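Some notes on the structure that comes next.
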Amino acid sequence: MLIFEHSRKNRRNYSQAPAARPARNNIPDNLKRRSIPLLPEVSEMDTVRHYTRLSQKNFSIDTEFYPLGSCTMKYNPRACNALAMLPQFLSRHPLAPEDTGQGFLACMYELQEILKDVTGMAAVSLTSMAGAQGELIGITMIRAYHEARGDTGRTEVIIPDAAHGTNPATAVMSGYKVIEIPTNRDGDVDMDALKAAVGPRTAGLMLTNPSTLGVFEKKVAEMSRIVHEAGGLLYYDGANLNAVLGKVKPGDMGFDVIHMNLHKTFSTPHGGGGPGAAPVGVADCLLPYLPIPIVAHEQGVYRWLTEKDRPQSIGRLSAHMGNAGVLLRAYIYVRLLGAEGMFRIAEYATLNANYLMAELRKLGFEIAYPDRRASHEFIVTMKEIKDRTGVTAMHLAKRLLDKGFHAPTVYFPLLVPECLLIEPAETESKETLDRFVVAMKEILDEIDTQPEMVKAAPHNMPLRKIDDVKAARELDLVWNPAG
Amino acid sequence: MSVPTELKYAKSHEWIRLEADGTVTVGITQHAQELLGDMVFVELPKVGRTLAQGEDCAVVESVKAASDIYAPIGGEVIAVNAAVESSPEKINEDSYSAWLFNLKPANTAEINGLLDADEYEKLLESE
Amino acid sequence: MPFIPHTEEDVAEMLASIGAASIDELFDEIPTELKNGQLTQVPVGMSEMEISRLMYERAQQDGFYLSFIGAGAYEHHIPAAVWQITTRGEFYSSYTPYQAEASQGTLQLLYEYQTMMASLTGMDVSNASLYDGASALAEAALMAVRQHKSSRRILIPQTVHPVYRRVVRTIVRNQAIEVVEVPYDPATGQVTIDQLDQFAQEEFAALIIPQPNFFGVLEQVDMLADWAHDKQSLAIAVVNPTALAMLKPPGEWGRQGADIAVGEGQPLGIPLSSGGPYFGFMACKQELVRQMPGRIIGRTTDLEGKEGFALTLQAREQHIRRSKATSNICTNQGLMVTAATIYMSLLGPEGLYRVAAQSHANTLALVERLEKLPGVKKAFHSPFFHEAVLQLSVPADQVLDKLRAQGVLGGVLLENYYPDLKNMLLICATETKTAEDLDKYTEVLQQALTA
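Protein chains in written order, with my numbering: chain W, 1 to 483; chain C, 1001 to 1127; chain Y, 2001 to 2451.
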């Protein structure tokens, strides 16, 4: 039942709005609203019940194991939320003078310094509000770098075929042509294809390392040399930073610019699809182009740098400073973990992934890159199972829901047919992983004994399989009271 | 899977039929529609647009994928099939009758460079 | 080990299963020369008690102020239920609803949100949010260029929020889209037909129309929308969602209504929190829906015909369409939309109207009081919503410093954005301000002007 269907005309929450309409109103008649907007008229208790019930229809990290590959669904510590929501932080206006926000700015400055250290970059801007926006900033800075050198013939960005869809979408949004290069049988970028692709038109290379195939690009140093020698720059997509945090610094791998998804590696909440935050780090060559604002610390005082301080900056990407509240949560998280905790993230994420991979392999699941170490994630391919039984990766995903596990990422990356991209994250215990293995074993048996039941999953969820074909063919995007 | 022998095929999985009036009709193959799954949206080129061979000129979308359609040969678009725009599922029902658009060829020699049914079947086997 | 549950026995058993001697061995594919074990700027870890102490101290250091600042972010009362429900783990710690059957809560909420926003803006459809108001405006500009096909130029009045204009330029410049600015009438603070008509002979993909504009002033939106449509340009509205409870919605502007409406969603239950996270909203006409960026939710049914919800039109998006997507956006601001939906439900149409009307009335009352002070006058002679520009006879930056010393944040110095507008303050009084608050501002401003 929709909230609108609970609505009764003239029902109001008297304590939530001014007691009466004020007498003064200077809005000219021709600019006044005539229609009543379709907002529900419901009591406070009905609203609370309705949205509490809706929340209970969700899977979440707080309620289920959520091994969604490339999304790093780790536990979001409650202290990060509670302390970021202290009333002084919440009530501070973004344009309030800097001297009224020194406590907040100290957190932001320290976060910048910590992120510089863990990534090995020369400087960091916190402004980016999501991974895809971080990418846009990175590629825009690469463009600014080439333009400042008068090097205007660079029109192409090279992207491996295993990349997230955001990479090619970002390159095109930034006005570049995408040159896609293939992956070899081991899951590494095809070096011959890279050598053939680089040249005077190369603006840069976008790379995720470890890649979305769950393996570390061993030849990253050579890739860096090839691209740099051709005059291009290297972009590091930090989507999988959780796998190497503290172990390898992107700056040491030769990257000129990176974004880090704080909603993954630094455990800020995913919130049902945002808000994220994706600070951008740069090497010295891109430092002048970093987007503002950036926090500076001068003579014991924190202040925002502006375009006056950074005249070559690519500018602004948000109305204010970006997702400050998310950044505060990330700051609290890194202070809770400390330096020693940083190392453990990658270690235990990698341990969990390799353990789960080993256990699933023992059950008979086919591992897409069986000769490689898993990074913090790995791929199972259902191709042979599908050819034999007709049961697809999506069917298995839906059956996992029945057993109380969120499904892994399915059908991504696109190069592995019928794939499940599984990322357990370091905060899951061995018992949880073992329960998941048991569920996978049960499904494997069900595929042999009752494949039609598996194909018809889910069976135990509030709804059976959703008809997304109907959703796209018969678009119903807003509720209409007339029915 | 049957591949009609009277049609010609592009490697990018479009079929074309040479009509009696010298125009050609273009659609997507049974194999292509199976790969894409349930169609939910089709975008066709404007009538009157001139296409070069290999130019992307239309889009077919399913829930899980979107695919560009490339002009198998060059020419001017003289008709489009409005029925598949309003009911994209017709492509799933019979991809060889649910044509997409009709072209006046710029150079009929380009047709000879396309695959025949045998060659297209071999291509499918190799994929 | 914070947030890592493994016991030593667990680790030993797991390594045995893998066939590795140590956790370190799991990193053996990383070339040794790249490995770096040094962190010099990360302090040692803290307990929750210690970090709590630190954060309380920093929060206290920042304190509370009586604020009359608006300029794109507004202080409104937020019902307690909004964030208590929003931070339930099932909303807070879930991800983008890719698995529809395990995400019906988030999906239905987003469908309800789309319905509310489409109605509030008077448009046909809404997406499930973008990052913030400024980036939503940039996306609208890109969308207009895709739709218009012929022109790659956007007309944007200087009465649009200056930072929004800066963000639009940063984002569209990459695609060789030109942003042309329209001056305003210095007497009214509005865009007039005279200013627009100097562009009458040129082609533009869209005209951007703010309502209210950055000065708080109400624009002649019917005239502006019709002017755009007369020359086959799209009309993009950038609006305040609270104001929409009182003001004619973009869908009703002029003869045809605006084509796209965007804005900052923060006033709908989102705390100010130094600038974010907020959310951008975007609504449009039905015929533009396939050009719209971001997540969109559709209502459908399950196998057995029961009502359900799913992400739809996903073929527009980067995870399917890659380089041909409408935008690179992936993650948006889902949790903020959760809060906004609960906020709008708790207020309802009359509640939101009263918030808007009280904010309008409070600003009217404040301006009236301040205008009576010697050396203060209104900068523009136009109707305004809940913000207004005051012209001071003395240096305004010094006045703001004096107000702050009294615990009052007196507004925004316009000169920071418009170098020609000297000694002008942009002020705002929302429904949160009492008569005593207005008196206090009047009193401290009077002192500041005379001292």
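Glycine included, each C-beta is placed from N, C-alpha and C at the ideal position.
Small disclaimer: the values here were computed from a predicted structure and weren't measured.
Q. Hey, is W/R154's beta-carbon within less than 9 Å of any beta-carbon in chain Y?
A. On the first sequence, residue 154 of chain W is found 154 positions in, with the first residue counted as 1. No, W/R154 does not count as interfacial toward chain Y.
Using DSSP with H/G/I as helix, E/B as strand and the rest coil, what is Y/P2210? On the third sequence, residue 2210 of chain Y is found 210 positions in, with the first residue counted as 1. DSSP places Y/P2210 in strand when its eight states are reduced to three.
(request) Can you check the stretch 1028 to 1088 of chain C for any beta strand (DSSP E) of at least 3 residues that lies completely inside it and give the ranges in chain order? (result) 1039 to 1043, 1056 to 1062, 1066 to 1070, 1075 to 1080
* Asked: Do W/L38 and Y/S2119 have their C-beta atoms within less than 9 Å of each other?
  -> Looking up residue 38 of chain W in the first sequence gives position 38. Looking up residue 2119 of chain Y in the third sequence gives position 119. In contact: W/L38 and Y/S2119 (Cβ atoms closer than 9 Å).
Does the Cβ of Y/H2148 have 16 or more other Cβ atoms within 10 Å, making it buried, or fewer, making it exposed?
For the purposes of this step, residue 2148 of chain Y is taken as the residue at position 148 of the third sequence. Buried, because 16 or more other Cβ atoms sit within 10 Å of the Cβ of Y/H2148.
| task | Provide the residue span of the alpha helix (DSSP H) that contains W/H93, from first to last. | result | Residue 93 of chain W sits at position 93 when you count from the first residue of the first sequence. Run containing W/H93: none; DSSP gives neither H nor E here.
What's the gap between the Cα of W/Q112 and the Cα of Y/S2103? As a position in the first sequence, residue 112 of chain W is number 112, starting the count at 1. As a position in the third sequence, residue 2103 of chain Y is number 103, starting the count at 1. If you take the alpha carbons of W/Q112 and Y/S2103, they lie about 34 Å apart.
- [ ] Could you round the C-beta distance between W/M141 and W/Y289 to whole angstroms and report it? I think they count as a contact, below 8 Å.
- [x] Translated into the one-based positions of the first sequence, residue 141 of chain W becomes position 141. Translated into the one-based positions of the first sequence, residue 289 of chain W becomes position 289. 4 Å between Cβ atoms; contact.
* Asked: Nearest to Y/P2383 by CA position, among W/R21, W/P458, W/N25, is which residue?
  -> The sequence position of residue 2383 of chain Y within the third sequence is 383, counting from 1. Ranking the options by Cα distance to Y/P2383, first place goes to W/N25.
key: Any C-beta of chain W under 9 Å from that of Y/M2046   = Here residue 2046 of chain Y corresponds to residue number 46 of the third sequence, with the count starting at 1. Cβ-Cβ to chain W under 9 Å: yes for Y/M2046.
Q | Distance between Y/P2002 and W/R78 (C-alpha atoms, nearest Å) | A | As a position in the first sequence, residue 78 of chain W is number 78, starting the count at 1. As a position in the third sequence, residue 2002 of chain Y is number 2, starting the count at 1. Their backbone Cα atoms lie some 13 Å apart in a straight line.
Is Y/E2415 close to chain W, meaning its C-beta is less than 9 Å from at least one C-beta of that chain?
-> The sequence position of residue 2415 of chain Y within the third sequence is 415, counting from 1. Cβ-Cβ to chain W under 9 Å: no for Y/E2415.
Which stretch, first to last residue, makes up the alpha helix (DSSP H) that contains W/S55?
Position 55 of the first sequence holds residue 55 of chain W. Where W/S55 is concerned, the enclosing alpha helix (DSSP H) stretches over 44 to 55.
| query | Just the Cα atoms here: how many angstroms apart are C/T1025 and C/A1071? | reply | The sequence position of residue 1025 of chain C within the second sequence is 25, counting from 1. The sequence position of residue 1071 of chain C within the second sequence is 71, counting from 1. Going by the C-alpha atoms only, they are around 11 Å apart.
Between C/K1090 and chain W, is there a C-beta pair that is closer than 9 Å? If you number the second sequence from 1, residue 1090 of chain C lands on position 90. Output row for C/K1090: interface = no.
### Task
Kindly give me the distance between the Cβ atoms of W/E452 and W/N352, rounded to whole angstroms, as I take these residues to be in contact under 8 Å.
Translated into the one-based positions of the first sequence, residue 452 of chain W becomes position 452. Translated into the one-based positions of the first sequence, residue 352 of chain W becomes position 352. In fact, because the Cβ distance is near 33 Å, the residues do not count as touching under 8 Å.
Chain W partners of C/F1041, CB-CB under 9 Å? What you label residue 1041 of chain C is simply residue 41 of the second sequence in a count that begins at 1. Ordered by position in chain W, the residues that pass the 9 Å Cβ test against C/F1041 are A472, R473.
If distances are taken between C-alpha atoms only, which option among Y/E2436, Y/A2451, Y/L2426, Y/Y2441 comes closest to Y/S2159?
Here residue 2159 of chain Y refers to the residue found at position 159 of the third sequence. One point to set straight first is that residue 2159 of chain Y is Thr, not Ser, in the sequence displayed. Checking every option, the nearest Cα to that of Y/T2159 belongs to Y/L2426.
Can you round the beta-carbon distance between C/L1036 and C/V1060 to whole angstroms, since I take them to be within the 8 Å contact cut? The sequence position of residue 1036 of chain C within the second sequence is 36, counting from 1. The sequence position of residue 1060 of chain C within the second sequence is 60, counting from 1. Contact flag correct, Cβ pair sits at about 6 Å.
Inter-residue spacing [alpha-carbon to alpha-carbon] between W/L245 and W/I345: Taking the first residue of the first sequence as position 1, residue 245 of chain W is located at position 245. Taking the first residue of the first sequence as position 1, residue 345 of chain W is located at position 345. Cα to Cα, W/L245 sits roughly 7 Å from W/I345.
Mind checking the stretch 159 to 177 of chain W against chain Y and listing, in chain order, the residues whose C-beta falls within less than 9 Å of any C-beta there? I159, A163, H164, G165, T166, N167, P168, A169, T170, A171, V172, M173, S174, G175, Y176, K177
- Task: Using a threshold of 9 Å, state whether the C-beta atoms of Y/I2208 and Y/I2171 are closer than that.
- Result: Here residue 2208 of chain Y refers to the residue found at position 208 of the third sequence. Here residue 2171 of chain Y refers to the residue found at position 171 of the third sequence. It is not a contact, given that the beta carbons lie outside the stated cut-off.
For W/M223, the three-state DSSP class (helix, strand or coil):
Indexing the first sequence from 1 puts residue 223 of chain W at position 223. Helix, per DSSP.
Under three-state DSSP, which class holds C/N1102?
In the second sequence, residue 1102 of chain C corresponds to position 102, counting from 1. Strand.
**Message:** Using the Cβ count rule (16 or more neighbours within 10 Å means buried), how would you classify W/R225?
**Reply:** In the first sequence, residue 225 of chain W corresponds to position 225, counting from 1. The residue in question, W/R225, is exposed, as its Cβ has fewer than 16 Cβ neighbours within 10 Å.
- Query: In the structure shown, what three-state DSSP assignment does W/C107 receive?
  - Reply: To locate residue 107 of chain W, count along the first sequence from 1; it is residue 107. Correct three-state label for W/C107: helix.
**OP:** Over the uninterrupted beta strand (DSSP E) stretch that includes W/L233, give me the two end residues.
**Re:** Along the first sequence, read from residue 1 onward, the residue named residue 233 of chain W stands at position 233. Element bounds for W/L233: 233 to 238.
- Coarse secondary structure for W/V334, derived from DSSP in three states: Residue numbering aside, residue 334 of chain W sits at position 334 when the first sequence is read from its first letter. Helix, per DSSP.
task = Can you grab the Cα-Cα spacing for the pair Y/L2110 / W/R12, in whole Å?
result = Locating residue 2110 of chain Y in the third sequence gives position 110, counting from the first residue. Locating residue 12 of chain W in the first sequence gives position 12, counting from the first residue. Cα to Cα, the separation comes out at about 23 Å.
Please identify, using Cβ separations under 7 Å, the residues of the stretch 50 to 62 of chain W that lie next to chain Y, in order along the chain. Y51, T52, L54, S55, Q56, K57, N58, F59, S60, I61, D62
key: Counted within 10 angstroms of its Cβ, other Cβ atoms place Y/M2424 as buried (16 or more) or exposed   = Residue mapping note: residue 2424 of chain Y aligns to position 424 of the third sequence, counting from 1. Burial call: buried.
In whole angstroms, give me the CA-to-CA distance for W/L360 and W/V437.
Your numbering for residue 360 of chain W matches position 360 in the first sequence. Your numbering for residue 437 of chain W matches position 437 in the first sequence. If you take the alpha carbons of W/L360 and W/V437, they lie about 7 Å apart.
(request) Given a cut-off of 9 Å, decide if W/C419 and W/T389 are closer than it, judged by their beta-carbon atoms. (result) Within the first sequence, numbered from 1, the residue matching residue 389 of chain W stands at position 389. Within the first sequence, numbered from 1, the residue matching residue 419 of chain W stands at position 419. No, they are not a contact pair.
Exercise. Name, please, each residue of chain C whose Cβ falls closer than 8 Å to the Cβ of Y/I2320.
Key: As a working note, residue 2320 of chain Y is residue 320 in the third sequence. In chain order: K1064, A1065, A1066.
* Starting from W/K398 and walking both ways along the alpha helix (DSSP H), at which residues does that stretch end? -> To locate residue 398 of chain W, count along the first sequence from 1; it is residue 398. Taken as a continuous stretch (DSSP letters only), the alpha helix (DSSP H) holding W/K398 covers 393 to 402.
inquiry  = Can you give me the C-alpha to C-alpha distance between C/K1008 and C/N1107, rounded to a whole angstrom?
reply    = As a first step, residue 1008 of chain C must be located in the second sequence, where it is residue number 8. As a first step, residue 1107 of chain C must be located in the second sequence, where it is residue number 107. If I take the Cα positions, the gap works out to 15 Å.
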